[in-house]
Amino acid sequence: MPDLEEQHPNAAGGGDFDVVVVGAGFAGMYMLHRLRGLGFSTRVLEAGNGVGGTWYWNRYPGARCDIESMQYSYQFSDELQQEWEWTERYAAQPEILRYANHVAERFDLRRDIEFDSRVRSAVYDDRSGRWTLETDSGRSGRRYSASYCVMATGCLSSPNNPRFPGMEHFEGPTYHTGQWPHEGVDFTGKRVAVIGTGSSAIQSIPIIAEQAAHLFVFQRTPNYAIPAHNAPLDPEYQRDFKARYPEFRARAKQMPTGVAFDYRDVSALEATPEERQEEYEKRWGRGGLAFLGGFKDLLFVKEANDTAAEFVRARIREKVQDPEVAELLCPTNIIGCKRLCVDIGYYETYNRPNVTLIDVSREPVEEITANGVRARGEEVAVDAIVLATGFDAMTGALLKIDIRGRGGLALAEKWNGGPRTYLGLCSAGFPNLFMITGPGSPSVLTNMIPSIEQHVDWIANCLAHLREEGFAEIEPTIEAEDAWVQHVNDVADLSLRSTCSSWYIGANVPGKPRVFMPYIGGFPAYVKKCEEVAAEGYAGFELAGARAAAE
Ligand SMILES: Cc1cc2nc3c(=O)[nH]c(=O)nc-3n(C[C@H](O)[C@H](O)[C@H](O)COP(=O)(O)OP(=O)(O)OC[C@H]3O[C@@H](n4cnc5c(N)ncnc54)[C@H](O)[C@@H]3O)c2cc1C
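Under our numbering, think of the first position of the sequence shown as 4, with each following residue one higher.
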């Protein structure tokens with residue numbers, strides 16, 4: 004049995020390509036498959052030592068998807084979606100990584116992927132119209148030249164590593180959930196601190212608590228979590244789902260989140276308290292993110308949202324035995340404003356005698372000492388620290404690369420007041436540079452794999468069109484970009500989601516501009532716009548090259 008993560012011997016070192024793709028998660032893998040099919044010479048550069056992106060890096064205990072596995076999967080190949088068997092309602096990280104490796108094998112992707120290759124710069128040359136990318140691989144880095152550059156660098160791939168004073172003095176190990184050691188971590192008999200209570204913390208805390216001698220959770224803001232009711236997938240259910248995959252996939256495309264949920268076009272405020280209670284009970288019983296699909300106004304009208312938030316708070320109070328701890332765990336903000344979490348025994352974990360919740364909402368963690376964490380004037384001695392502090396979302400991975408467009412313009416400079424894109428796909432001043440699920444696209448507000456597939460297909464069709472029509476260059480006009488940015492902001496303003504301090508607006512990273520980054524207008528509206536733009540000969544873009552010169 005070959006090591007699935009082994010680097011393919013053919014993929015080695017530098018060269019000239021039609022397209023260089025950065026990243027080998029679900030986006031980069033499918034992009035490679037499509038470009039190959041169109042006959043473009045393509046090289047994928049990946050910082051990690053294997054495919055899978057998110058699922059390659061996030062190996063923390065409890066990591067799993069929170070969109071059901073039957074939908075959190077590719078649909079570009081019916082054979083693939085028919086042959087792959089998911090074992091659980093929400094697959095755990097090892098299974099999703101196996102799936103990514105299976106896709107790489109099945110479509111023979113590894114021969115065009117270079118692993119252990121972190122791209123540090125991507126520079127456009129005005130004269131040749133080509134991009135040069137440099138990696139930190141090899142002895143002195145490697146150089147690649149490409150007509151087109153596709154950034155498949157991920158929305159949640161750049162870990163947010165807060166610098167607490169004194170961190171360098173801590174004598175034990177510190178782990179970030181997004182960079183978890185491949186060999187795993189055994190916390191048996193250890194005193195462990197978890198800093199953060201977002202999705203990764205909510206997934207990992209119940210499992211770490213089972214191992215650790217004592218777990219201390221440092222909480223700044225409590226989050227809402229809906230029970231997963233995870234279970235092995237019933238083979239009969241899976242067979243039926245597969246038989247009706249086209250129907251489910253088509254229905255999902257009509258949903259704002261790209262997930263075939265049961266959404267109701269009913270106002271929470273027009274329903275009676277009994278009707279609301281019944282609906283919330285039903286959805287709580289079913290579990291998962293569809294909880295917020297019960298009423299159409301939950302994410303738009305504060306009073307409607309309050310009814311759902313209060314329902315969840317009541318459940319937390321039922322689950323957590325100590326009333327003071329329960330109150331600390333009850334969020335007071337808008338439900339769904341921060342990404343809703345899905346849990347397996349999270350709140351119940353606080354009933355364990357070996358778990359202590361430490362509220363750092365008013366006074367942040369003061370420092371990390373040699374022995375532990377100091378907060379609220381007291382030192383908590385621990386043997387290990389887990390940073391469940393999330394990601395520099397949506398722009399982090401892009402801006403870590405020194406990307407320079409026309410006239411040496413740095414993307415970091417252009418975006419210093421917040422990201423500016425046309426459709427989340429391209430940015431003016433950066434010809435022939437594409438982003439997959441970039442800021443300004445629905446991305447993290449949707450089921451990401453269908454969103455990725457839609458972007459990849461759009462980019463692939465665009466490159467085929469340019470080649471067929473004799474164009475060499477595509478770049479959005481500043482007017483189209485400005486109008487799109489305005490639209491992204493306008494629709495964000497209508498939603499309650501833009502009103503709180505979340506990673507959607509960059510609030511978790513000190514100094515990051517506060518801009519609501521994903522497009523909240525819904526997957527169907529977004530897809531329609533992308534399709535119209537293409538149908539109108541790439542409206543809002545300037546196409547240039549041999550044919551443009553001849554006209
Ligand atoms: C814990 C967790 C759970 C999630 N659960 C869900 C879920 O249930 N449903 C859902 O829809 N989404 C979920 N997501 C979002 C998830 O990121 C996407 O679903 C999807 O995996 C993104 O794929 P991607 O290829 O776009 O990006 P990634 O999977 O992030 O891949 C990007 C790749 O680019 C590489 N890269 C970045 N910068 C460079 C560079 N400079 N040079 C070379 N390589 C680089 C990275 O190493 C990485 O491998 C989750 C995210 C996390 C962190």
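From the three backbone atoms N, C-alpha and C, an ideal C-beta is built for every residue, glycine too.
Going by beta carbon distance, what residues of the same chain come within less than 6 Å of Leu7, once the five residues before and after it are set aside? As a position in the sequence shown, residue 7 is number 4, starting the count at 1. Low local confidence applies: a pLDDT of 38 at Leu7 is under 50, so the model's placement there is unreliable, with the coordinate-based value given in what follows. Asn104, listed in sequence order.
What three-state label does DSSP hand Ala14 in the structure shown? Counting from 1 along the sequence shown, the entry for residue 14 is found at position 11. With a pLDDT of 47 at Ala14, under the threshold of 50, the predicted position of this residue should be treated as unreliable, though the coordinate-derived value follows. Three-state DSSP puts Ala14 in coil, outside helix and strand.
Opposing strand residues paired with Asp346 [DSSP bridges]: Here the question's residue 346 lines up with position 343 in the sequence shown. Beta-bridge pairing by DSSP links Asp346 to Pro230.
So what's Glu49 in DSSP terms, helix, strand or just coil? Looking up residue 49 in the sequence shown gives position 46. Looking at Glu49 - three-state DSSP - the assignment turns out to be coil, as it is neither helix nor strand.
What is the residue span of the beta strand (DSSP E) that Ser150 lies within? Position 147 of the sequence shown holds residue 150. Ser150: member of the beta strand (DSSP E) spanning 145-154, first to last residue.
Using the rule of at least 16 other Cβ atoms within 10 Å of the residue's Cβ for burial, across every protein chain shown, is Gly443 buried or exposed? Locating residue 443 in the sequence shown gives position 440, counting from the first residue. It is buried - the Cβ of Gly443 has at least 16 other Cβ atoms within 10 Å.
Are the Cβ atoms of Thr138 and Leu48 separated by less than 8 Å? Position 135 of the sequence shown, counted from the first residue, corresponds to residue 138. Position 45 of the sequence shown, counted from the first residue, corresponds to residue 48. Result yes, Cβ atoms of Thr138 and Leu48 sit closer than 8 Å.
Any heavy atom of ligand 1 closer than 7 Å to the beta-carbon of Glu49? In the sequence shown, residue 49 corresponds to position 46, counting from 1. Result yes, Cβ under 7 Å from ligand 1.
Considering only the alpha carbon of each residue, which of Arg113, Asn374, Phe20 lies closest to His172? Here the question's residue 172 lines up with position 169 in the sequence shown. Taking the Cα of His172 as reference, the smallest distance to any Cα among Arg113, Asn374, Phe20 is reached at Asn374.
Would you identify the three-state DSSP class for Gly375, choosing helix, strand or coil? The residue given as residue 375 occupies position 372 in the sequence shown. Residue state, collapsed to three classes: strand.
Test item: CB-CB of Ala66 and Ala95 under 8 Å: Position 63 of the sequence shown holds residue 66. Position 92 of the sequence shown holds residue 95. The answer is yes: Cβ separation under 8 Å.
As assigned by DSSP and simplified to three states, the class of Ala537: Locating residue 537 in the sequence shown gives position 534, counting from the first residue. Three-state result, Ala537: helix.
CB-CB under 7 Å to Arg283, same chain, minus the five flanking residues each way: which ones, in chain order? Locating residue 283 in the sequence shown gives position 280, where the first residue counts as 1. Checking the sequence shown, residue 283 turns out to be Tyr, not Arg. A distance below 7 Å between beta-carbons, with the five flanking residues on each side excluded, links Tyr283 to the following residues of its chain, in chain order: Gly297, Ala311, Phe314.
Any beta strand (DSSP E) of 3 or more consecutive residues that is wholly inside the region 436-514: Listed in chain order, the complete beta strand (DSSP E) runs (minimum 3 residues) inside the region 436-514 are 436-438, 476-479.
I need the boundaries of the beta strand (DSSP E) containing Glu587, first residue and last residue. Residue 587 is absent from the structure shown; the chain starts at 4 and stops at 554.
Taking the beta strand (DSSP E) that Arg123 falls in, what are its first and last residues? Counted from its first residue, the sequence shown places residue 123 at position 120. First-last of the beta strand (DSSP E) with Arg123: 122-128.
Those residues which DSSP pairs with Ile338 across a bridge: Working through the sequence shown from its first residue, we reach residue 338 at position 335. According to DSSP, which records beta bridges pairwise, Ile338 is partnered with nothing at all.
With Asn511 and Gly393 assumed to form a contact (beta carbons below 8 Å), what rounded beta-carbon distance in angstroms separates them? Along the sequence shown, read from residue 1 onward, the residue named residue 511 stands at position 508. Along the sequence shown, read from residue 1 onward, the residue named residue 393 stands at position 390. The Cβ separation is near 6 Å, so the contact holds.
Check whether the Cβ of Phe294 lies closer than 7 Å to any heavy atom of ligand 1, and answer yes or no. Within the sequence shown, the letter at position 291 stands for residue 294. Incorrect: Phe294 has no Cβ contact closer than 7 Å to ligand 1.
Is the beta carbon of Lys256 within less than 7 Å of some heavy atom of ligand 1? For the purposes of this step, residue 256 is taken as residue 253 along the sequence shown, with counting starting at 1. Incorrect: Lys256 has no Cβ contact closer than 7 Å to ligand 1.
Glu478 classed as buried or exposed, judged by whether at least 16 other C-beta atoms fall within 10 angstroms: Counting from 1 along the sequence shown, the entry for residue 478 is found at position 475. Taking every protein chain shown into account, the CB of Glu478 has 16 or more other CB atoms within 10 angstroms, so this residue is buried.
Spatial distance of Lys532 from Asn61 (CA atoms): Locating residue 532 in the sequence shown gives position 529, counting from the first residue. Locating residue 61 in the sequence shown gives position 58, counting from the first residue. In a straight line, the C-alpha of Lys532 is about 33 Å away from that of Asn61.
Taking three-plus beta-carbon pairs below 8 Å as touching, is the region 338-354 in contact with the region 487-506? When C-beta atoms of the region 338-354 are compared with those of the region 487-506, three or more pairs fall below 8 Å, so the two segments count as touching.
Step through the CB atoms of chain B and report whether any lies within less than 8 Å of the CB of Ser161. Going by chain labels, chain B is absent from the structure shown, which holds only one protein chain.
Have a look at Gly543, Val269, Gly192 and flag the residue whose alpha-carbon is nearest the alpha-carbon of Ala486. The sequence position of residue 486 within the sequence shown is 483, counting from 1. Nearest C-alpha to Ala486: Gly543.
Spell out the partners DSSP gives Tyr178 in its beta bridges. As a working mapping, residue 178 is identified with position 175 in the sequence shown. Val389.
Who are Leu546's beta bridge partners in DSSP? Position 543 of the sequence shown, counted from the start, is the residue given in the question as residue 546. When beta bridges are read from the DSSP output, Leu546 appears opposite Ile477.
Mapping the DSSP letters down to three states, classify Glu235 as helix, strand or coil. Residue 235 sits at position 232 when you count from the first residue of the sequence shown. It is worth fixing the name first, because residue 235 is Pro in this sequence and not Glu. In the structure shown, Pro235 adopts extended strand secondary structure according to DSSP, grouped into three states.
Asp19 (DSSP reduced to helix, strand or coil): Taking the sequence shown and counting its residues from 1, the one referred to as residue 19 is at position 16. The three-state secondary structure of Asp19, taken from DSSP, is strand.
Take Arg279 and list the residues in its own chain whose beta-carbon comes closer than 7 Å to its own, dropping the five residues that flank it on each side. If you number the sequence shown from 1, residue 279 lands on position 276. Ala271, Thr310.
Distance between Asn52 and Ala396 (C-alpha atoms, nearest Å): Residue numbering aside, residue 396 sits at position 393 when the sequence shown is read from its first letter. Residue numbering aside, residue 52 sits at position 49 when the sequence shown is read from its first letter. Ala396 and Asn52: Cα-Cα distance of roughly 22 Å.
Buried or exposed: which applies to Leu469, given that a residue is buried once 16 or more other Cβ atoms fall within 10 Å of its Cβ? Here residue 469 corresponds to residue number 466 of the sequence shown, with the count starting at 1. The residue in question, Leu469, is buried, as its Cβ has 16 or more Cβ neighbours within 10 Å.
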